[in-house]
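**Student:** Sequence order for the protein chains is A and B.
Position 65 of the first sequence, counting from 1, maps to 65 under the working numbering, and the rest follow consecutively.
Position 67 of the second sequence, counting from 1, maps to 67 under the working numbering, and the rest follow consecutively.
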Amino acid sequence: QQQVKQSPQSLIVQKGGISIINCAYENTAFDYFPWYQQFPGKGPALLIAIRPDVSEKKEGRFTISFNKSAKQFSLHIMDSQPGDSATYFCAATSTGTASKLTFGTGTRLQVTL
Amino acid sequence: DAGITQSPRHKVTETGTPVTLRCHQTENHRYMYWYRQDPGHGLRLIHYSYGVKDTDKGEVSDGYSVSRSKTEDFLLTLESATSSQTSVYFCAISESKGMQFFGPGTRLTVL
Numbered sequence: 001q002q003q004v005k006q007s008p009q010s011l012i013v014q015k016g017g018i019s020i021i022n023c024a025y026e027n028t029a030f031d032y033f034p035w036y037q038q039f040p041g042k043g044p045a046l047l048i049a050i051r052p053d054v055s056e057k058k059e060g061r062f063t064i065s066f067n068k069s070a071k072q073f074s075l076h077i078m079d080s081q082p083g084d085s086a087t088y089f090c091a092a093t094s095t096g097t098a099s100k101l102t103f104g105t106g107t108r109l110q111v112t113l
Numbered sequence: 001d002a003g004i005t006q007s008p009r010h011k012v013t014e015t016g017t018p019v020t021l022r023c024h025q026t027e028n029h030r031y032m033y034w035y036r037q038d039p040g041h042g043l044r045l046i047h048y049s050y051g052v053k054d055t056d057k058g059e060v061s062d063g064y065s066v067s068r069s070k071t072e073d074f075l076l077t078l079e080s081a082t083s084s085q086t087s088v089y090f091c092a093i094s095e096s097k098g099m100q101f102f103g104p105g106t107r108l109t110v111l
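1. With residue 72 (chain A) as the anchor, note down where its beta strand (DSSP E) starts and where it stops.
2. Where does the unbroken beta strand (DSSP E) through residue 75 (chain B) begin, and where does it stop?
3. Listed from N- to C-terminal order along the chain, which residues in the region 16 to 33 of chain A have their beta-carbon within a distance smaller than 9 Å of any beta-carbon of chain B?
4. Please report the Cβ distance between residue 16 (chain B) and residue 92 (chain B), rounded to the nearest whole angstrom; I am assuming they are in contact, meaning their Cβ atoms lie under 8 Å.
5. Any beta carbon of chain A sitting closer than 9 Å to that of residue 25 (chain B)?
6. Is there at least one Cβ from chain A nearer than 9 Å to residue 48 (chain B)'s Cβ?
7. Answer with buried or exposed for residue 96 (chain B), where buried requires no fewer than 16 other C-beta atoms within 10 angstroms of its C-beta.
8. Indicate whether the contact test is met: 3 or more Cβ pairs, each with one atom in the region 11 to 31 of chain A and one in the region 80 to 94 of chain A, closer than 8 Å.
9. According to DSSP, is residue 18 (chain B) helix, strand or coil?
10. Between the Cα of residue 5 (chain A) and the Cα atoms of A:89, A:49 and A:97, which residue gives the shortest distance?
11. Per DSSP, which residues does residue 102 (chain A) bridge with? Please list them.
12. Shortest alpha-carbon distance to residue 42 (chain A) belongs to which of B:84, B:22 and B:101?
13. Compare the C-alpha of residue 35 (chain A) against each of A:112, A:113, A:104 and A:111 and name the closest.
14. Helix, strand or coil for residue 56 (chain B)? Go by DSSP, reduced to three states.
15. Just mark residue 8 (chain A) as buried or exposed, buried being the case when its beta carbon has 16 or more other beta carbons within 10 Å.
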């Protein structure tokens, strides 16, 4: 059962462009939505996270937009750089679940020169 | 990698043999997790622990068992490895909701 659906599966963006990755969830009990970044041969690393009481969170070039009514959230990478080339995973968790995360299937981002 | 080590980092084994993967943390975090990562499936939770000797199943637990006898160590055992268990295995730790820190991974190949 895929509770968090992520798209696109892969994405190619030119340097300086905006990368957008979308996620949708089904479980209305989810109340924390982190994004993880993974470089080849490494473990995923927490990038940015949002709670459903806010519609947007920005950290540097990375922004999460959250639409609670639509049960959707997205990651925007502004001024994308070749160093941003990685796989990005959205995830979700809810209170009282031992911090278990349900992950999306991942988006492989390539930023070209 | 936030004080998390996994061993071995690479292993090749044969079908039917037992395999144990080890996760060791120096952060004294309460929660520990084992995931497998496969193309097209993202990260799927195998088992997790919420304290010493307290463990529970994740979404893909069949064929796997775990043990946690000390806060710092979480073992994942494949009792009789199968080719479908060829994967990259990640351990993660957490103390705060949703903030998990991942180890470097173990690449397991079952021939």
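All residues carry an ideal CB built from backbone N, CA and C; glycine is no exception.
**Tutor:** Let me spell this out:
1. 72 to 77
2. 73 to 78
3. Cβ contacts with chain B come from 31, 32 and 33.
4. No, residue 16 (chain B) and residue 92 (chain B) are not in contact; Cβ-Cβ is about 29 Å, not under 8 Å.
5. no
6. yes
7. exposed
8. yes
9. coil
10. When A:89, A:49 and A:97 are compared, the shortest CA-CA separation from residue 5 (chain A) is found for A:89.
11. According to the DSSP secondary-structure assignment, residue 102 (chain A) is paired through a beta bridge with A:92.
12. B:101
13. A:104
14. strand
15. exposed
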